């Protein structure tokens, strides 16, 4: 206990120092002079033993007691230590007097000392403290060579002396009691235990509130009647409740004191001696308990003796080889049932927890040994049954503190045996208890912080098992509520985002649920199931049938032997009873109640010890999809699915108002219903954006829940920046050579790798492609998204972008960065998502490293004054074009390369010419030609490069322009791409980076008017008739010769003009009527021979596709016409003739046309000779089968076709 005005932090430091010295080796103790081991009641106590004495120090401000716990001697305080800090205490004598008065509240203590630390030991110290017998002075701490201090060394000496004093006091008291027992047995003299405070037995449970007896010290006189004594926790009790009201006999007192002597034997490490004392006490107390008719003192002491025996047996095995022992379980089970009978629920719960740890130890040992896997699994299930039995004590708990301690112990045991989900469930329950036990008053901040820590542990466990969706949801929800109460902004925002992420991952299987739910953060959360549990009508021992305890594996030999012995005993006792009653007793009575009296009671009043209200409800089965996944996960980790009181309590917590009415149950939350998930997502989104407690600007939190980033990388759009190595390839002609394509059908096509440029000049904009998706079921607005740079000097500007995303929608964004200060590196770590009150970060797995070079100039390349990107010209037209190069930046273009390339659309040939080159890379030579011609099939460009010659010696100054004249000539209709590409740089950046600026002009070469045919003039033998065709849809031409002959040809028309027979090709020219363009006509064609025109028809139809009936003849008529020029002498001209070939083909179902006539019958001649100018020929056809038939006629270069199909 603290003494004087000691500061709290110093008090905690000294308590920690005491706790670190709690283990006292027996070998370090000095045996007193005259000590005789033969007279010691602790026969196996060895002063040279390696077994240590272990103290349990409890702070008086935090000590708590369990009703009737002083029935165990280990719960009676043996020493009181006061801690005083001399520099902080003005009056040491007064503080010591207060300590002496406080010690009187603990009369069972053998030793009480006040430790005064950091005393100055000045003048007069000896006189001041000489009268203070129980004061121990500690000097100032000085370090020693072994790492300790003088204070710790002094403390060890003081504790050793205190230990010897306690041991001697225990021995002397025990000897006196044993001597009195011998005298009482010989003389049959009744005696009282009031003179032996440590071995006082006046502790009996009361009907309503169990009484905790206060023991009497060896050094103080017994408390007189009418005064007040206090328990170990300091609570006052009237002495008249301590007096043995029933005047118990001396024999009963002897057995109880034997039990206490066994307790002290365990305390000093004499476990074999303790077993002997416990056996004697159990035999005697069992007989007393059988004869007892009123009160519960005999049952309480028998239960405590059984528990002491179990503890001593456990320590005996723990020092050798720990294994399963059926005797331990049976005796512990009997003690548990007796504790329940006398309503000592604290002792009952503590023993059940201890047995749970015993099962944990057995399971651990069996796991490490070969061939004991079944025993390990069996022990783990026994541990779960112990948890279920422990939960049955919750309805009788006086407060939430013992329930909280038990639940935390269950969670630790579940973790020890590998039941992770069970551990998470009970940790969540402990958090709920801390949150709910102050719900009607001002909540303790300590409880809230503890609940926050426990819930965080649950969330961490659930993150390792994503299938535990429902438990994770409730844990995160409770964590958000706790963070709001504690105003912990970082925790609140972080877990609200995680909750959004969990909700986004919910498997949607139902579009809409009719249940209405509340998404308010201040409404009632899941009530702890321990608050709603009902006490079972009868609590048995540790394991009640049906239990896995009664089906042990083959390796548990001890249990099988005990079961066989018990069954033999039962058979002999119930030999005269009917078989039905005997079977009923064996089924309804737990194995631990196998005494004759208990078996008879079970036969006369059979009760089943199972859970009467047991159900199979999953504690968090509010989502069928998630619960199924959790059960699957549990099966994969070998975690058994058992219906425990926890599941029943959690199921009952959903019905808090009217358990008998299903309509009164709160609506169920379905995490697989879209409307429920959307409502909770909306609640989280509003919380993050509107709640002032969610404002967090101190640091950036990871991006989760709000957005999903699918891609963040440098833009793959074509870049105009070229590194030096790439420029060398382009200028060296390697790019042109690489454009030639050779197809190889035996070579697999490899994916083309696009090189992403990571070098950028200063002040240029760097583009990043960002693809984001809204994972939520509601539309969201993100005010700002920017790039995240690892740059404390802010040497770049990141331009923000806003985005609005619908439910589950995705969008591709472009983030821009502009370097503003000279630097060599820029590192893009990810992107920052700026919400209304938070900033979230998305980190790339591999950051993007960018190299920044000095700035580059900027050229603008445009054609003519209108920045043309396309133009058109007609055949044989000579059209001028001017290319302008303008330096739009403030830097000189010191290195320039201008190149013109020409390529026909759809062609593979590329013609390239360099107009100027001042790069001076060593692989190129500067051209000194005045004119450069670039030609491809049917197209020619003439370039005048004389305006560029000054660039060989001088740079292109800022804002200067240079013009390059060009002439375009086309000889045929085509589409040609003319590309002007420039590569340039500045002296400062030449060694690293160049910029490329190019423009492409699409030149469309249209056909002009042309003579498509020459025929003899019918009236003038020295002239010919020329058919002039204008293919242009919107341009009218005028065609003229060197003479006066001229005609106008409208668009899309043919006009005939008369030309001399000896006309020259160069005489004809065309002129556009609108634009005034002029060009030469194409060479005249040869004299055209008479041509035929063919047409096929059937019956009276003029269509080219006709349906015909089956098995019916139809008449097909061939019409042939030709032109016959008149004779110059007006005589009748000769009529031309020709042979026409007619064929009939059939179309197959797959669309192919085959030359066969099996399904058609022809009547007539298919090779007729026709006579001009107009001729006809008829023949008949009959379709014999359904199908499609093609009739074709051919003469010279003319064709005609008729398609027939049969009708159904």
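Numbering (my numbering), first residue to last: 16 to 1223.
Ideal Cβ placement from N, Cα and C applies to all residues, glycine included.
All of these numbers come straight from a predicted model, not from anything done at the bench.
Distances from the CA of residue 19 to each of 527, 529 and 113 were compared; the closest alpha carbon is that of 113. Comparing C-alpha distances from residue 157 to each of 168, 997, 372 and 149 shows the shortest one belongs to 168. The count of Cβ pairs closer than 8 Å, one atom from the stretch 429-446 and one from the stretch 370-390, reaches three, so the stretches are in contact.
Around residue 385, the same chain offers no residue with a beta carbon nearer than 8 Å, after the five sequence neighbours per side are excluded.
Under DSSP, residue 62 shares a beta bridge with no residue.
In the structure shown, the three-state DSSP call for residue 1072 is strand. Across the structure, residue 904 and residue 965 are spaced so that their CA atoms are roughly 20 Å apart. Shown here, residue 1167 sits in coil according to DSSP, grouped into three states, outside any helix or strand.
Out of 746, 534, 816 and 728, the CA that lies nearest to the CA of residue 773 is found in 728.
When the Cα atoms are used, residue 347 and residue 186 turn out to be separated by approximately 28 Å. Taken in chain order, the complete beta strand (DSSP E) segments of 3 or more residues contained in the stretch 829-856 are 840-849. Judged by DSSP in its simplified three-state form, residue 981 adopts strand.
Restricting attention to 110, 55, 1064 and 46, the CA atom closest to the CA of residue 21 is found in 110. Taking the C-beta atoms as reference points, residue 1087 is found nearer than 8 Å to residue 1052.
Rounded to the nearest angstrom, the gap between the Cα atoms of residue 743 and residue 980 is 27 Å.
About 27 Å separates the CB atoms of residue 81 and residue 128; that is not less than 8 Å, and the two are not in contact. By the Cβ test, the stretch 826-839 is in contact with the stretch 799-815, since at least three Cβ pairs between them sit closer than 8 Å.
Looking at the backbone, the Cα of residue 507 and that of residue 450 are separated by about 16 Å. Shortest Cα-Cα distance from residue 697 to any of 375, 395 and 721 involves 721. The stretch 707-718 makes no contact with the stretch 972-988, as fewer than three CB pairs between them are under 8 Å. The three-state reading of DSSP puts residue 1215 in strand, counting E and B together.
Sequence-distant partners of residue 100 (beyond 5 residues in either direction) whose C-beta falls short of 6 Å from its own C-beta, in its chain, are 21, 25 and 132. As computed with DSSP, residue 1009 is found in a beta bridge with 737.
The closest CA to that of residue 993, considering only 472, 425 and 878, is found on 878. Of all alpha-carbon atoms in 473, 388 and 367, the one lying nearest the alpha-carbon of residue 424 is that of 367. In this structure, residue 1011 sits near residue 737, with a CB-CB distance shorter than 8 Å. Where residue 801 is concerned, the enclosing beta strand (DSSP E) starts and stops at 795-804. Going by beta carbons, residue 362 and residue 343 fall outside the 8 Å limit. Setting aside the 5 residues that flank it on each side, residue 563 is surrounded in the same chain by 396, each with a C-beta closer than 6 Å to its C-beta; the list follows chain order.
Residue nearest to residue 1216 within the set 307, 1169 and 1133 is 1133 (criterion: CA-CA distance). About 7 Å separates the Cβ atoms of residue 702 and residue 536, confirming a contact at the 8 Å cut-off.
Judged by DSSP in its simplified three-state form, residue 776 adopts strand. Listed as beta-bridge partners of residue 95 by DSSP are 127. A check of alpha carbon separations from residue 513 across 471, 500 and 544 identifies 471 as the nearest. Around residue 948, the same chain offers 957 as residues with beta carbons nearer than 6 Å, after the five sequence neighbours per side are excluded. Residue 898 is a Cβ neighbour of residue 876, given a cutoff of 8 Å.
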